[in-house]
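Below you'll find the structure, written out as structure tokens, and then a few comments.
Numbering (the working numbering), first residue to last: 936 to 1028.
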């Protein structure tokens, strides 16, 4: 009988489970070239369900995913926010 349990020792399974719990915005690049952006709702052995900005559920086969990364990582990678950025808060009295 085939097991239905996830192998949680795999880093990719743990990462997606973390995204399910923390609900960051994640981008998925597909082999078709499409880019899907949303929050990971669930995963099983074959698929990942992503909820997009229109609150629609999109089910993607894992074999169709080229890469997946949290949107905050994508913003840093593209240089939209400097990695060493600092914020100062003005004291208004």
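In this text, a Cβ means the ideal position worked out from N, Cα and C, and glycines have one as well.
Query                                                                                                                             : Result
Residue 995, DSSP secondary structure in three states                                                                             : strand
Classification of residue 985 by the beta-carbon crowding that lies within 10 angstroms, buried from 16 upward                    : buried
Exposed unless 16 or more other CB atoms sit within 10 angstroms - verdict on residue 968                                         : exposed
Beta-carbon proximity of residue 961 to residue 1003, cut-off 7 Å                                                                 : yes
Nonlocal neighbours in the same chain, by C-beta distance under 6 Å from residue 1083, ignoring five residues either side         : Because the chain in this structure spans residues 936 to 1028, residue 1083 falls outside the shown range and cannot be described.
Chain-order list of residues whose beta-carbon lies under 8 Å from that of residue 996 (same chain, five-residue window excluded) : 981, 982
Alpha carbon of residue 971 to alpha carbon of residue 978, nearest angstrom                                                      : 15 Å
Contact set for residue 993: own chain, Cβ-Cβ below 8 Å, skip 5 residues either direction                                         : 971, 973, 984, 985, 986, 987
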